[in-house]
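Taking it in order: structure first as C-alpha cells, then the write-up.
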C-alpha cells in the first residue's frame with residue numbers, strides 16, 4: 001500500500017480531502033505522516049482527529065534550507081513514504097527532498113498553470129481579466145509551480161468576481177482532483193515523459209458546468225471507473 005507524507009503550513013483543506021477519499025475507500029493509500037512548519041497550523045487538528053502521526057519541524061532550527069529539507073526527507077523515508085503531497089505548504093521545496101522523491105512530490109495550485117503561478121493565483125486571474133481559471137495538480141520541481149502538469153479542472157470567471165468568490169468556486173475542484181491524482185499515482189497510472197504526464201486509461205481535465213440549477217462536474221477526456229459521476 002502506498003504511504004503518503006503531507007507537508008502543510010495552514011488549514012490543510014486539501015489534506016482533509018485526501019484523508020476523506022482514503023477513508024471512503026476511493027484511494028488505496030495511507031497517510032503515514034503530516035509535517036507542518038508552523039506550530040499553529042490547523043492541519044494538526046485534522047491529523048489528530050484521524051489519528052495520523054504529525055510533527056512540527058521549525059525551519060529556524062536549521063542552518064540552511066537544505067538541512068531543513070534533508071531532515072524532512074529523512075523523517076518521511078523512515079516511515080516508508082512513497083509520495084509526498086504539498087497541502088498549502090508555503091515554501092519552495094528544497095533539492096534534498098526532491099532528490100529523495102523524484103517525480104514523487106505533488107502540489108495543487110489554484111490556477112491553470114502555467115498561467116498565474118505563485119502565491120496570488122486567484123487575485124492575478126481576476127486582475128488580468130481571464131474568462132476561465134481553475135486549479136492544477138502537478139509534480140514539483142525546484143522552482144515555483146513549474147513542474148509537469150498531472151490534471152487540471154477549469155471554472156468560469158464571472159463579471160464582478162473577487163479573489164474570494166473565485167477561490168470559493170475553485171476549491172471544490174481542488175478537493176476532487178487532488179485525491180484523483182493520488183489515486184492515479186497509487187495505481188501506477190501516471191507516466192512522465194519529459195514535461196508531459198500521460199494518464200493510462202484516464203482523464204486529465206474536468207470542467208465546470210452551470211445547468212441553471214446545480215453546478216456539476218463534467219468529464220471531458222475519458223472515464224475513471226468508480227470515481228466522479
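Residue numbers (UniProt numbering): 1 to 229. All C-beta atoms in this analysis are idealised placements derived from N, C-alpha and C, irrespective of residue type, glycine included. None of the values given here were measured: they were computed from a predicted structure.
Nearest to residue 6 by alpha carbon, out of 25, 133, 41 and 190?
Between residue 6 and the set 25, 133, 41 and 190, the nearest pair of CA atoms involves 41.
Using the DSSP secondary-structure output, state which residues sit across from residue 55 in a beta bridge.
Under the DSSP definition of a beta bridge, residue 55 partners with 35.
Judging by CA-CA distance, which residue of 14, 95, 128 and 65 is the nearest neighbour of residue 88?
Per the C-alpha coordinates, the member of 14, 95, 128 and 65 positioned closest to residue 88 is 14.
At the level of alpha carbons, what is the spacing between residue 111 and residue 98?
Looking at the two C-alpha atoms, the distance is approximately 23 Å.
Quick one, which of 16, 91 and 28 has its alpha-carbon nearest residue 47's?
Residue 47 has its Cα closest to that of 16, out of 16, 91 and 28.
Quick check: the Cα distance between residue 73 and residue 134, rounded to an integer number of angstroms?
Rounded to the nearest whole angstrom, the C-alpha separation of residue 73 and residue 134 is 30 Å.
Use the C-beta contact count for residue 179: other C-beta atoms within 10 angstroms, 16 or more gives buried, fewer gives exposed.
Buried.
Whole alpha helix (DSSP H) runs in the stretch 103 to 154 with 4 or more residues, listed along the chain?
If only uninterrupted alpha helix (DSSP H) runs of at least 4 residues are considered, those enclosed by the stretch 103 to 154 are 121 to 128.
What are the partner residues of residue 193, as DSSP defines its beta bridges?
In DSSP, residue 193 forms a bridge with 196.
Start and end residues, alpha helix (DSSP H) containing residue 87:
It is not in any alpha helix (DSSP H) - residue 87 instead sits in the beta strand (DSSP E) that spans 83 to 87.
Report buried or exposed for residue 91, applying the criterion of at least 16 other Cβ atoms within 10 angstroms of its Cβ.
Under this definition residue 91 is an exposed residue.
In or out: residue 211 buried (at least 16 other Cβ within 10 Å) or exposed?
Residue placement at residue 211 cannot be trusted, given a pLDDT of 48 that sits under 50; what the coordinates show is reported in the next sentence. Label assigned to residue 211: exposed.
Contacting residues, own chain, Cβ-Cβ under 7 Å from residue 8 (five flanking each side not counted)
In the same chain as residue 8, and ignoring 5 residues on each side of it, the C-beta atoms closer than 7 Å to its own belong to 15, 34, 36, 41, 43, 87, 88 and 89, in chain order.
Boundaries of the alpha helix (DSSP H) in which residue 19 is found, first to last residue:
From DSSP, the alpha helix (DSSP H) with residue 19 extends over 13 to 24.
Since I believe residue 106 is in contact with residue 57 (beta carbons under 8 Å), could you give me their beta-carbon distance rounded to a whole number of angstroms?
Rounded to the nearest angstrom, the Cβ distance from residue 57 to residue 106 is 19 Å, too far for a contact under 8 Å.
Other residues of its chain near residue 200: CB distance less than 6 Å, five sequence neighbours each side excluded
These residues qualify, in order along the chain: 189.
What distance in whole Å lies between the Cβ atoms of residue 2 and residue 83, which are believed to be in contact at a cut-off of 8 Å?
Correct: roughly 6 Å between the Cβ atoms.
Could you give the DSSP three-state label for residue 182: helix, strand or coil?
The three-state secondary structure of residue 182, taken from DSSP, is helix.
I need the straight-line Cα distance from residue 227 to residue 39, nearest angstrom please.
A caution first: residue 227 carries a pLDDT of 47, below 50, which makes its placement in the model unreliable, though a value can still be read off. Spanning the two alpha carbons is a distance of roughly 35 Å.
With respect to the alpha helix (DSSP H) encompassing residue 72, which residues constitute its N-terminal and C-terminal limits?
Secondary structure note for residue 72: its alpha helix (DSSP H) is the uninterrupted segment 65 to 78.
Can you tell me where the beta strand (DSSP E) holding residue 4 begins and where it ends?
Per DSSP, residue 4 belongs to the beta strand (DSSP E) from 2 to 8.
For residue 156, write down the residues that DSSP places opposite it in a beta bridge.
Its beta-bridge partners are 132.
Extent of the continuous alpha helix (DSSP H) to which residue 41 belongs:
Residue 41 -> no alpha helix (DSSP H), and no H or E assigned at all.
Do you know offhand how far residue 176's Cα is from residue 192's?
Spanning the two alpha carbons is a distance of roughly 22 Å.
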